[in-house]
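Here is the structure we will look at.
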Amino acid sequence: MATEYPRSNISGVGLEKFAELVSAQTNGYVTVRNAFDNELKISSGEMLRAAEAGRIAGGDAFAGPLEASDPVFGLPSLPFVVQSVEAARSINEQARPLYEKALAARGLKLLYITIWPSTGLWSAQPISTPADLRSIAARTYDYNSAEVMRAVGATAEYLPFNEAIAKVRSHELNAILTSGDGGAGRKLWQDLTHFTAINYAIPISIAFVRTDAFDALPEAVQRQVMQVAAETEQRQFQLLANRTAENYARMRDNGVQIAEPAPAPVLAALKQGASAPIAAWKAKAPPEAVAIVDQALQQQ
-1 MATEYPRSNI SGVGLEKFAE LVSAQTNGYV TVRNAFDNEL KISSGEMLRA AEAGRIAGGD
59 AFAGPLEASD PVFGLPSLPF VVQSVEAARS INEQARPLYE KALAARGLKL LYITIWPSTG
119 LWSAQPISTP ADLRSIAART YDYNSAEVMR AVGATAEYLP FNEAIAKVRS HELNAILTSG
179 DGGAGRKLWQ DLTHFTAINY AIPISIAFVR TDAFDALPEA VQRQVMQVAA ETEQRQFQLL
239 ANRTAENYAR MRDNGVQIAE PAPAPVLAAL KQGASAPIAA WKAKAPPEAV AIVDQALQQQ
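Under the working numbering, read the sequence shown as residues -1 to 298, first letter to last.
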């Protein structure tokens, strides 16, 4: 199973635990070989197609870039819709049947969902005012986040994480939109020494497997695999309780200046920039998905 993120990132932690538990639960009948850090050169946005083509049996894909395959996958990373872990859990429980349906249409089966720590903005310089946003060239993690950053005057492009790191080090980029978790795992503090806790989204990644590979297992083993998937999802959720605090402590230990909360004028500008991408997403998403988002916005 593939992920574009490192072993220490929450995506990698989940895959490693899933592989360990599957082997133990099935007495070695099922083994999972994980490929971390984009080892297979398959980004999250390419992962569903790679599985359909038989290049991988499954993976853990960051959901935002999957919106190109189906708008429902853009739901959990819409800007400033979900502002708490509890809201993230609720919205994804409601959306789970939509994720399952979208995967099934591609011959894929949902195993488990990982809710990530909140997304912030890593940068080479502090982001204190809306004018500072116009000076950044940022890596974003999906189409919508790129549109938000462009709306506030930044230069932005969606890139897989490892490509973004390379561009930061070559000084083509000076900011990355990601959680403190992904940044901590990759040690972004070597180049980006400021983190603004904008709470852009509480996104997810989706672990999945090809349906044909799953169906080839005996029914008893299928049940064991899904039991392990449910246990992994619960373990991943429990990680969130202390994950952000641990990440921030590690970041501060390595010289990162964290702006928490983010400056109010910066947040106001970003939220204003988010309105058009949300409206565009609603125009193409299924009514069930739009209803989930509308409810979440009403409950803020």
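Glycine is no exception: its CB is placed at the ideal position from the N, C-alpha and C atoms. The structure presented is a predicted model; accordingly, all values stated were derived computationally and were not measured.
Practice task
Tell me whether the beta-carbon of residue 179 lies closer than 7 angstroms to the beta-carbon of residue 115.
Solution key: Yes. Within cutoff.
Problem - alpha helix (DSSP H) runs wholly inside the stretch 259 to 296, at least 4 long, in chain order - result: Complete alpha helix (DSSP H) runs here, min 4: 262 to 282 and 285 to 296.
Problem - Euclidean distance between Cα positions of residue -1 and residue 48 - result: For residue -1 and residue 48, the distance between alpha carbons rounds to 11 angstroms.
Practice task
Would you mind working out which of 15, 69, 4 and 2 sits nearest residue 285, comparing C-alpha positions?
Solution key: Comparing Cα-Cα distances from residue 285 to each of 15, 69, 4 and 2, the minimum goes to 69.
Problem - residue 107: first and last residue of the uninterrupted beta strand (DSSP E) it sits in - result: Per DSSP, residue 107 is one residue of the beta strand (DSSP E) stretching across 106 to 113.
Handout entry: Straight-line Cα distance separating residue 3 from residue 36
Key = Cα to Cα, the separation comes out at about 6 angstroms.
Practice task
Give the secondary structure of residue 230 by DSSP, where H, G and I count as helix, E and B as strand, and everything else as coil.
Solution key: Correct three-state label for residue 230: helix.
Exercise for the section: Would you mind listing the alpha helix (DSSP H) stretches within the stretch 18 to 101 that are 4+ residues and don't spill past its ends, in chain order? Expected result: Correct list: 42 to 50.
Handout entry: Three or more C-beta pairs below 8 angstroms linking the stretch 198 to 218 and the stretch 108 to 126
Key = Contact holds: three or more Cβ-Cβ distances are below 8 angstroms.
Exercise for the section: Can you tell me which of the three DSSP states residue 170 falls into? Expected result: DSSP places residue 170 in coil when its eight states are reduced to three.
Practice task
Return the chain-ordered list of same chain residues with a C-beta closer than 8 angstroms to the C-beta of residue 102, the five sequence neighbours on each side being excluded.
Solution key: For residue 102, the CB contacts under 8 angstroms within the same chain, skipping 5 residues up- and downstream, are 209 in chain order.
Exercise for the section: For the stretch 112 to 138, list the alpha helix (DSSP H) runs that are entirely contained and at least 4 residues long, ordered along the chain. Expected result: The alpha helix (DSSP H) runs lying completely inside the stretch 112 to 138 and spanning 4 residues or more are 128 to 131, given in chain order.
Practice task
Taking residue 175 as the reference, give the member of 157, 188 and 242 with the closest Cα.
Solution key: Out of 157, 188 and 242, 157 has the C-alpha closest to the C-alpha of residue 175.
Exercise for the section: Starting from residue 155, trace the alpha helix (DSSP H) both ways and give me its first and last residue. Expected result: First-last for residue 155: 153 to 156, but that is the beta strand (DSSP E), not the alpha helix (DSSP H).
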